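This report refers to the structure that appears directly beneath it.
Protein chains: 2
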Amino acid sequence: MGKGEDTRSMILDAALAQASEGGFESLTIGTLAARTGLSKSGLFAHFGSREELQIAAIDAAAARFADTVFAPALLAERGLPRLRAIFAHWLRWTDDSGLAYGCPLHAAAIEFDDRPGPVRDHLVGHYERLQRNLERAFALAVDTGELPADADPGQLAFEALGLVFAYYHAARLLRRADAAERARAAFDRLLAAAAPAA
Amino acid sequence: MGKGEDTRSMILDAALAQASEGGFESLTIGTLAARTGLSKSGLFAHFGSREELQIAAIDAAAARFADTVFAPALLAERGLPRLRAIFAHWLRWTDDSGLAYGCPLHAAAIEFDDRPGPVRDHLVGHYERLQRNLERAFALAVDTGELPADADPGQLAFEALGLVFAYYHAARLLRRADAAERARAAFDRLLAAAAPAA
DNA sequence: GACAAAAAAGAACGACCGTTCGTAAAGTAA
DNA sequence: TTACTTTACGAACGGTCGTTCTTTTTTGTC
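Line order of the protein sequences matches chains A and B.
All residue numbers for the first sequence refer to the working numbering, where the first residue is 1 and numbers rise by one.
All residue numbers for the second sequence refer to the working numbering, where the first residue is 1001 and numbers rise by one.
Below, the structure written as structure tokens:
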């Protein structure tokens, strides 16, 4: 029931592609209308305001991220295998989810980090959830004994996030072919340094 | 001679403040005219196009970054002391240079990473220079023997850059008070892990 | 103080922005 | 088919965008 739902998710697909390509600021009603073939007013009616469109786009991106990065990693055994799976999926998540360019959530995070409002709130919610999930994955590696009891999951999650950002930077802005390799090496080193003194 | 030069640099000061607060996309002629008290056309005449204004703003930000982060670090002895000085200045560079919000260059890097043109070229130039300078600082620590001969300056610079990005993220978006502490701890760990096996 | 050059202002342009409203088309259920 | 709701369109709005002109004001020099 309701073909409006279908149209809405079709619009959000286009919105993520647009945000990936041109940043969140490029997510305008007119651009998106042209991209979807809808009229401006027809598209507008699905959201009621640009802000609600932005919020819906962030929620859609966050859901797709969870499905692409974290969900499949649950198939790997808890501990280091799962951590490596998360990281590996993360580096390829935009490609795997059909986004040809950068991560929409990363773009939004920089554009809205000093702009209070519901858009920023949703974004913060996503990244806090992400941080918690990542910390939990590290904590499980402590449980399995693969990481020592005094390892700090919060600190490790902080550093792992930094590696992803460094990868985005090297891959997208600098176009360096060795970006993924550098990131993987760094993640391995991070895990090795956190492991018991053998 | 020429008060145009003074006005121009006054405009660029305002441009950096604006880009820090609202991102590079918020660097419009109208906003900047209101901020400086000039008329739109009067301001416009100093640059000839918005693109040239953006380029001038990036160059100004890059120059200020070099003066704030790298220049004073040359006073520290080469090797680890200088590396620590660079990193410490880096975490506070926007505050130290009078920018109340985020790093304009970081904002521009995300907004232009998939938008070819002269603006992106200038940005890439800055970040490649930054990468080289950082690598050189690590290489000097190899020369002094504080880091082993098989340490990889390129890899270390990659990871250090990631720590700064993680700091920006935690401090600006998540508003976490321990962001700087986390970054410093990670940098210490990075240097310690790279140091000779004692 | 006169005069040329530089700097700033003012008005207008076409384009796009988000948004509103009235209307037409498409879908759904009886 | 009828009646009703959902969905989409088209036109228009006030506003801002970058940019182009012309005119006025300010600056620096003899």
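Glycine included, every Cβ here is placed at the ideal spot set by N, Cα and C.
The structure displayed is predicted, hence computed values, not measured ones.
Quick one: is R182(A) near chain B, going by C-beta distance under 8 Å?
-> Within the first sequence, the letter at position 182 stands for residue 182(A). So yes, R182(A) belongs to the interface.
Enumerate in chain order the residues of its own chain whose CB-to-CB distance from E1111(B) is below 7 Å, with the five nearest sequence positions on each side excluded.
-> Walking along the second sequence from the start, residue 1111(B) turns up at place 111. The answer, listed in chain order, is G1023, F1024, E1025.
Interface residues of chain A facing A1177(B) [CB-CB closer than 7 Å] | As a first step, residue 1177(B) must be located in the second sequence, where it is residue number 177. The contacting residues do not exist; A1177(B) stays about 13 Å from chain A at best.
Any chain A beta carbon closer than 8 Å to H1089(B) = Stepping through the second sequence from its first residue, residue 1089(B) is reached at position 89. Judged by the 8 Å Cβ criterion, H1089(B) is not in contact with chain A.
Find the nearest neighbour of G48(A) within the set I29(A), A71(A), S20(A), judged by alpha-carbon distance.
-> Start at 1 with the first residue of the first sequence, and residue 48(A) comes out as number 48. When only C-alpha atoms are compared, the closest one is I29(A).
Going straight from the alpha carbon of L1038(B) to that of C1103(B), what length do you get?
-> Position 38 of the second sequence, counting from 1, holds the residue named residue 1038(B). Position 103 of the second sequence, counting from 1, holds the residue named residue 1103(B). About 25 Å.
Report yes or no: do the segment 114 to 126 of chain A and the segment 52 to 72 of chain A share at least 3 C-beta pairs separated by less than 8 Å?
-> yes
Would R53(A) pass as a contact of L16(A) if the rule is Cβ separation under 8 Å?
-> Residue mapping note: residue 53(A) aligns to position 53 of the first sequence, counting from 1. Residue mapping note: residue 16(A) aligns to position 16 of the first sequence, counting from 1. Just to set this straight, residue 53(A) is Leu in the shown sequence, not Arg. Result no, Cβ atoms of L53(A) and L16(A) do not sit closer than 8 Å.
Compare the C-beta of V119(A) with all C-beta atoms of chain B and state if any pair is closer than 8 Å.
-> Here residue 119(A) corresponds to residue number 119 of the first sequence, with the count starting at 1. So no, V119(A) is outside the interface.
Do L1140(B) and R1084(B) have their C-beta atoms closer together than 8 Å?
-> The residue labelled residue 1140(B) in the question sits at position 140 within the second sequence. The residue labelled residue 1084(B) in the question sits at position 84 within the second sequence. No.
T7(A) versus R64(A) - alpha carbon distance | Taking the first residue of the first sequence as position 1, residue 7(A) is located at position 7. Taking the first residue of the first sequence as position 1, residue 64(A) is located at position 64. Taking the straight line from one Cα to the other gives about 18 Å.
For a contact meaning CB atoms closer than 7 Å, what does D113(A) contact in chain B?
-> For this step, residue 113(A) is matched to residue 113 along the first sequence. G1102, R1172, L1173, listed in chain order.
CB of Y1167(B) within 8 Å of CB of A1157(B), strictly = As a working mapping, residue 1167(B) is identified with position 167 in the second sequence. As a working mapping, residue 1157(B) is identified with position 157 in the second sequence. No, they are not a contact pair.
With a threshold of 16 other CB atoms inside 10 Å of the CB of E128(A), please say whether the residue is buried or exposed.
-> Taking the first sequence and counting its residues from 1, the one referred to as residue 128(A) is at position 128. It is exposed - the Cβ of E128(A) has fewer than 16 other Cβ atoms within 10 Å.
Can you find a C-beta in chain A that's less than 8 Å from the C-beta of R1189(B)?
-> Position 189 of the second sequence holds residue 1189(B). At least one chain A Cβ lies under 8 Å of R1189(B).
Of all the CB atoms in chain B, is at least one closer than 8 Å to the CB of A207(A)?
-> This structure cannot speak to residue 207(A), because chain A is shown only from 1 to 198.
Are there 16 or more other CB atoms within 10 angstroms of the CB of D1143(B), so buried, or fewer, so exposed?
-> Translated into positions along the second sequence, residue 1143(B) becomes position 143. D1143(B) is exposed by the Cβ-count criterion.
Establish whether the CB of H106(A) and some CB of chain B are separated by less than 8 Å.
-> To locate residue 106(A), count along the first sequence from 1; it is residue 106. Output row for H106(A): interface = yes.
Excluding the 5 residues preceding and the 5 following A1033(B) in the sequence, name in chain order all residues of the same chain whose CB lies nearer than 7 Å to its CB.
-> In the second sequence, residue 1033(B) corresponds to position 33, counting from 1. Correct list, in chain order: S1039, K1040, L1043.
Short check: CB of M10(A) to CB of T36(A), under 8 Å?
-> If you number the first sequence from 1, residue 10(A) lands on position 10. If you number the first sequence from 1, residue 36(A) lands on position 36. Result yes, Cβ atoms of M10(A) and T36(A) sit closer than 8 Å.
Skipping 5 residues on each side, what residues in its chain have a beta carbon closer than 6 Å to that of D1096(B)?
-> As a first step, residue 1096(B) must be located in the second sequence, where it is residue number 96. Excluding residues within five positions, the ones whose Cβ falls inside 6 Å are T1068.
Could one say the Cβ of L1016(B) lies closer than 8 Å to chain A's Cβ atoms, at least one of them?
-> Taking the second sequence and counting its residues from 1, one reaches residue 1016(B) at position 16. No, its Cβ sits nowhere closer than 8 Å to a Cβ of chain A.
Run through the segment 1055 to 1134 of chain B for me and flag every whole alpha helix (DSSP H) of 4 or more residues, listed as ranges in chain order.
-> 1080 to 1091, 1093 to 1096, 1104 to 1111
Going along the chain, which unbroken runs of the alpha helix (DSSP H) with 4 or more residues stay wholly within the segment 124 to 187 of chain A?
-> 153 to 168
Can you give me, in chain order, the residues of the segment 119 to 140 of chain A that have a beta carbon less than 9 Å from any beta carbon in chain B?
-> R120, L123, V124, Y127, E128, Q131
Mind listing which residues of the segment 154 to 169 of chain A have their C-beta closer than 7 Å to chain B's C-betas, in chain order?
-> Q155, F158, E159, L161, G162, L163, F165, A166, H169
Express the C-alpha separation of P196(A) and I86(A) in angstroms, rounding to a whole number.
-> Along the first sequence, one-based indexing puts residue 86(A) at 86. Along the first sequence, one-based indexing puts residue 196(A) at 196. If I take the Cα positions, the gap works out to 22 Å.
Does DSSP put G1004(B) in a helix, a strand or coil?
-> Here the question's residue 1004(B) lines up with position 4 in the second sequence. In this structure, G1004(B) counts as helix in the three-state DSSP scheme.
Alpha-carbon spacing of P153(A) relative to L1173(B), whole angstroms | Translated into positions along the first sequence, residue 153(A) becomes position 153. Translated into positions along the second sequence, residue 1173(B) becomes position 173. About 20 Å.
If you scan the segment 1028 to 1058 of chain B from start to end, which runs of the alpha helix (DSSP H) of 4 or more residues do you find wholly inside it?
-> 1029 to 1036, 1040 to 1044
Under 8 Å by beta carbon: chain B residues contacting E286(A) | Summary: the structure shown does not reach residue 286(A), with chain A confined to residues 1 through 198, and so no result is reported for it.
Are there 16 or more other CB atoms within 10 angstroms of the CB of G162(A), so buried, or fewer, so exposed?
-> Here residue 162(A) refers to the residue found at position 162 of the first sequence. It counts as buried.
Can A1160(B) and A193(A) be called in contact, C-beta distance under 8 Å?
-> Counting from 1 along the second sequence, the entry for residue 1160(B) is found at position 160. Counting from 1 along the first sequence, the entry for residue 193(A) is found at position 193. No, they are not a contact pair.
Counted within 10 angstroms of its Cβ, other Cβ atoms place D1113(B) as buried (16 or more) or exposed | Counted from its first residue, the second sequence places residue 1113(B) at position 113. So D1113(B) counts as buried.
To the nearest angstrom, report how far apart F1070(B) and A1108(B) are at their CA atoms.
-> Here residue 1070(B) refers to the residue found at position 70 when the second sequence is read from its first residue. Here residue 1108(B) refers to the residue found at position 108 when the second sequence is read from its first residue. One C-alpha to the other measures close to 20 Å.
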